[in-house]
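Per my numbering, the sequence shown starts with residue 285, numbered consecutively.
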Amino acid sequence: MSGTSADGTEGVLLLHGIARRAASLRPLERRLTRAGYVTLNLDYPARRLGLADIAEAIAPTVAAFGEDVTRLHIVTHSMGGLVARVLLARRRPDNLGRVVMLGPPNGGSEIADALHRFAAYRRFFGPAGAELGTERGAAQARLFGRVDYPLGIIAGSRSLYPLASLLLLPGPNDGRVTVTRTRLDGMTGHIVLPAAHPTMMWNRCAAAETLHFLREGRFGGR
285 MSGTSADGTE
295 GVLLLHGIAR
305 RAASLRPLER
315 RLTRAGYVTL
325 NLDYPARRLG
335 LADIAEAIAP
345 TVAAFGEDVT
355 RLHIVTHSMG
365 GLVARVLLAR
375 RRPDNLGRVV
385 MLGPPNGGSE
395 IADALHRFAA
405 YRRFFGPAGA
415 ELGTERGAAQ
425 ARLFGRVDYP
435 LGIIAGSRSL
445 YPLASLLLLP
455 GPNDGRVTVT
465 RTRLDGMTGH
475 IVLPAAHPTM
485 MWNRCAAAET
495 LHFLREGRFG
505 GR
């Protein structure tokens with residue numbers, strides 16, 4: 285975990301994806317810091333717990349960080365977006381600002397559908413991996429809550445996995461999530477960039493659009 289805080293300053297919580305660590309968001313974190321935000325870039329047990337338990341585990345740290353900033357924004361990559369949705373449904377801070385999600389599997393992923401039947405996938409990705417499929421019931425709808433906060437979503441349209449994209453993902457995709465399944469009812473803005481899922485958080489255009497949304501509440505020019 286890395287984090288700094290200061291009175292009168294806006295803060296950004298960063299949440300990484302399921303097979304990543306906080307270090308994967310360090311370049312984006314540095315960009316945010318240079319722009320004047322203080323950051324909390326959390327490592328969390330992405331492959332050991334389910335989404336609800338992950339949200340509960342990080343909630344006290346997030347709450348403490350939020351008390352030291354005027355507004356608490358959230359920036360996520362991949363499954364981090366689902367963690368953020370659960371956190372906001374259960375422990376929404378009073379000073380919540382804006383939320384930006386990069387490549388979120390909001391509608392699940394057909395890749396998870398295909399791989400979940402394999403024991404190796406279940407062992408590696410754990411309980412949260414089982415929640416990344418496209419079949420969503422009423423219980424998960426309640427878990428995620430509804431979007432009634434400023435939310436910008438950045439989807440990718442390039443793939444590092446051409447075979448998986450061709451065989452498993454219908455329509456434009458980033459190699460792991462289709463553009464369609466990144467969308468959410470209630471979102472404020474949605475853009476598609478020529479970026480791949482595993483490297484989207486290092487994409488300069490994605491970083492610039494993230495900053496623009498945090499500042500203006502909309503994406504810039506796309």
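We put the beta carbon where it would ideally sit given N, CA and C, even for glycine.
Q. Quick one, are the C-beta atoms of E313 and V353 less than 7 Å apart?
A. Not in contact: E313 and V353 (Cβ atoms no closer than 7 Å).
Q) Alpha carbon to alpha carbon, what distance is there between L366 and A343? A) For A343 and L366, the distance between alpha carbons rounds to 14 Å.
Q) By how many angstroms is the C-alpha of P454 removed from the C-alpha of N390? A) In a straight line, the C-alpha of N390 is about 15 Å away from that of P454.
(Q) DSSP three-state label for L495, please. (A) In this structure, L495 counts as helix in the three-state DSSP scheme.
Q: Following the continuous alpha helix (DSSP H) through R426, name the residue where it begins and the one where it ends.
A: A422 to F428 is the span of the alpha helix (DSSP H), which, as asked, contains R426.
Q) Which residue from L335, R369, G436 and A491 puts its Cα closest to that of T472? A) Nearest Cα to T472 within the set L335, R369, G436 and A491: G436.
Q: With DSSP as the reference, label R355 as helix, strand or coil.
A: It is coil, neither helix nor strand.
(Q) Would you call the region 492 to 502 in contact with the region 412 to 419, where contact means no fewer than 3 C-beta pairs closer than 8 Å? (A) No, the region 492 to 502 is not in contact with the region 412 to 419.
**Q.** Beta-carbon proximity of R331 to F428, cut-off 7 Å
**A.** Against a cut-off of 7 Å, the Cβ pair of F428 and R331 comes out as no contact.
Q: Confirm, please, whether the CB-CB distance from I438 to I475 is below 7 Å.
A: Yes, Cβ-Cβ distance for I475 and I438 is below 7 Å.
**Q.** Alpha-carbon to alpha-carbon, L299 and N325
**A.** Rounded to the nearest whole angstrom, the CA to CA distance from N325 to L299 is 7 Å.
Q) Does the beta-carbon of A490 have 16 or more other beta-carbons within 10 angstroms, so that it is buried, or is it exposed? A) That one is buried.
Q.
I need the DSSP call for M471, collapsed to helix, strand or coil.
A. The answer is coil: DSSP assigns M471 none of H, G, I, E or B.
(Q) Rounded to the nearest angstrom, what separates G504 and L498 at their Cα positions? (A) The straight-line gap from Cα to Cα measures roughly 11 Å.
**Q.** I302, enclosing beta strand (DSSP E) - first and last residue
**A.** Careful: I302 lies outside any beta strand (DSSP E) and carries neither H nor E.
Q | Between the CA atoms of G501 and A480 - distance to the nearest angstrom | A | Answer to the nearest angstrom: the Cα atoms are 24 Å apart.
Q: Indicate whether G440 and M485 have their beta-carbon atoms separated by less than 7 Å.
A: Not closer than 7 Å, so no.
Q: Note down the Cα distance separating P478 from L450, rounded to an integer number of angstroms.
A: The straight-line gap from Cα to Cα measures roughly 17 Å.
Q.
So for L372, helix, strand or coil by DSSP?
A. Correct three-state label for L372: helix.
Q | For L312, the three-state DSSP class (helix, strand or coil) | A | Helix at L312.
Q. Nearest CA to the CA of G470: which residue from L444, Y433 and L452?
A. Ranked by how close their Cα comes to the Cα of G470, the residues L444, Y433 and L452 have Y433 in first place.
Q) Taking C-beta to C-beta, are G387 and D458 nearer than 7 Å? A) In terms of Cβ geometry, G387 and D458 form a close pair [threshold 7 Å].
Q) Helix, strand or coil for T323 per DSSP? A) Strand at T323.
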